[in-house]
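Residue numbers (this note's numbering): 843 to 1147.
Remarks on the structure that follows.
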Amino acid sequence: MSDLPERISLREVGPRDGLQNEDPISTASKVALIDALSHTGVQRIEAVSFVHPRAIPQMADADEVWSGIERVPGVRYSALVPNLRGAERALQAGFDEIEVVVSASDTHNRKNVNRSTEESLDEIAQVIALAHDRAATCQVIVSTAWGCPYEGDVPVSRVVAVAGRAVRDGADSIGFGDTTGMATPPRVTALVGEMRMANPDAGVNLHFHNTRGTGLANVLAALQLGVSDFDASVGGLGGCPYAPGATGNIATEELVHMVEDMGVATGVDLEAMIGAAREAERLVGRTLPSQVLRAGPRTRTIPVG
Ligand code: MG
């Protein structure tokens, strides 16, 4: 395992991607969750998204959440935006790091935003330009990168072509999202490999779901290729929108627990992240899927009875 990265950069997406797929909670609860996460050592937090409240009522209070949190030095906070209008709102609110999302699957993109992938990419070029104009960075997240709930498998060539267009338009990095939890290790290796062949200089972030139990296996496959930028969600917050009751995002504390034991640094204090997961569970009022939250770290011992 000598080729593994020495450290990875983790983006905590629980407050945005996680809560977006949970029953709505109060603004104060969202602020409390972000504040707890800001003290775990995690260095990036996707805090909110600026979407139309009719589309995603869970994020209607993005401005209030953003102004309510404690901004901890050393933590980078970012916002997800669906379009130019959302980008304008995020930049206006003072974010200097935004993510914009497009689906590699035409059908999925049309279902989400009523336009083709190509049409979304045209607008994303403007989003990138706007962000740069305001001295902000813009990552383009390609969703359904390992499969679409309507079309099934999405060809790797198609996913890489969508990413390539965003790179040419100036995206600061590319995220690949396993929206449907269809990725497996060889599919991760295939996509990362083709992406690097086509766009060798592009930074790549990976966002895995554990819908079918392959989340951390996919992380391992990516680590072995030297990928060092991952998303994860505290407690595994956020279900899978296409499989009711199923698990969605991989849990941050599970990722930290595994990679730290492999000698890969995350900067995250595992016990603090488990504490934040416990808090997340309390705030959403349901049992979260994280197994490390249930069992504790592998070094936890019990008193001799
Ligand atoms: Mg997700």
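The beta carbon of each residue, even a glycine, is placed where N, CA and C say it ideally should be.
{"Item": "Alpha carbon to alpha carbon, how far is residue 1019 from residue 1010?", "Value": "20 Å"}
{"Item": "Is DSSP giving residue 843 helix, strand or coil here?", "Value": "Any reading at residue 843 needs caution, since the residue's pLDDT is 48, under 50, leaving its predicted position unreliable; the model's value is listed next. The answer is coil: DSSP assigns residue 843 none of H, G, I, E or B."}
{"Item": "Looking only at its own chain, which residues have a Cβ that is under 7 Å from the Cβ of residue 965, when we skip the five neighbours before and after it?", "Value": "925, 926"}
{"Item": "Are residue 1132 and residue 1096 touching if we call contact CB-CB under 9 Å?", "Value": "yes"}
{"Item": "Taking 8 Å as the cut-off, does the segment 1047-1061 touch the segment 1016-1032 (at least 3 CB pairs, one atom from each stretch)?", "Value": "yes"}
{"Item": "Taking 8 Å as the cut-off, does the CB of residue 986 come closer than this to any heavy atom belonging to the ligand MG?", "Value": "no"}
{"Item": "Per DSSP, which residues does residue 940 bridge with? Please list them.", "Value": "921, 980"}
{"Item": "Closer than 8 Å to a non-hydrogen atom of the ligand MG - does that hold for the CB of residue 1052?", "Value": "no"}
{"Item": "Mind listing which residues have their beta carbon within less than 5 Å of any non-hydrogen atom of the ligand MG? Chain order is fine.", "Value": "859, 1091"}
{"Item": "Helix, strand or coil for residue 1073? Go by DSSP, reduced to three states.", "Value": "strand"}
{"Item": "If I'm right that residue 876 touches residue 941 with Cβ under 8 Å, what's the distance once you round it to whole angstroms?", "Value": "Actually they do not touch by this definition, with Cβ atoms about 16 Å apart."}
{"Item": "On a Cα-Cα basis, can you pick out the residue from 897, 878, 934, 904 that is closest to residue 912?", "Value": "878"}
{"Item": "Does residue 853 come out as helix, strand or coil in the three-state DSSP assignment?", "Value": "strand"}
{"Item": "Going by DSSP in three states, residue 999 sits in which element: helix, strand or coil?", "Value": "helix"}
{"Item": "What did DSSP end up calling residue 1107 once you bin it into helix, strand or coil?", "Value": "strand"}
{"Item": "Do residue 921 and residue 891 count as a contact pair if the criterion is CB distance below 9 Å?", "Value": "yes"}
{"Item": "Using three-state DSSP, classify residue 966 as helix, strand or coil.", "Value": "helix"}
{"Item": "Ordered along the chain, which non-local residues of its own chain (more than five positions away) have a Cβ less than 8 Å from that of residue 1130?", "Value": "1077, 1078, 1079, 1093, 1119, 1122, 1123"}
{"Item": "According to DSSP, is residue 960 part of a helix, a strand, or is it coil?", "Value": "helix"}
{"Item": "In chain order, what residues of the same chain have a beta carbon less than 7 Å from the beta carbon of residue 905, not counting five sequence neighbours either side?", "Value": "935"}
{"Item": "Which ranges does the alpha helix (DSSP H) cover as unbroken runs of at least 4 residues, wholly within the segment 1017-1099, from first to last along the chain?", "Value": "1027-1040, 1057-1066"}
{"Item": "Taking the beta carbon of residue 1136 as the centre, do at least 16 other beta carbons fall within 10 Å, making it buried, or is it exposed?", "Value": "exposed"}
{"Item": "At a Cβ threshold of 9 Å, is residue 933 touching chain C?", "Value": "As a matter of chain content, chain C is missing from the structure shown, which is built from one protein chain."}
{"Item": "Which residues in the same chain as residue 1113 place their Cβ atom closer than 8 Å to its Cβ, once the five residues preceding and following it in sequence are excluded?", "Value": "1139"}
{"Item": "Let's test the definition: count the other Cβ atoms within 10 Å of the Cβ of residue 860 and tell me whether it reaches 16, buried, or not, exposed.", "Value": "buried"}
{"Item": "Output needed for residue 949: all residues of its chain with C-beta closer than 8 Å, excluding positions within five of it in sequence on either side, in chain order.", "Value": "990, 992, 993"}
{"Item": "If we call anything under 9 Å between Cβ atoms a contact, is residue 1062 one with residue 1086?", "Value": "no"}
{"Item": "If we ignore side chains and look at the alpha-carbon of each, how far apart do residue 862 and residue 1088 end up?", "Value": "15 Å"}
{"Item": "Using CA coordinates, which residue listed in 973, 998, 873 is at the minimum distance from residue 1040?", "Value": "998"}
{"Item": "Of all the options 1116, 1074, 1127, which has the alpha carbon lying nearest to the alpha carbon of residue 1142?", "Value": "1116"}
{"Item": "Starting from the C-beta of residue 1007, find all residues in its chain whose C-beta is less than 8 Å away, skip the five residues before and the five after it, and write them out in chain order.", "Value": "963"}
{"Item": "I'd like the list of long-range same chain contacts for residue 882, defined as Cβ closer than 7 Å, with 5 residues on each side in sequence excluded.", "Value": "1110, 1111, 1114, 1115, 1118"}
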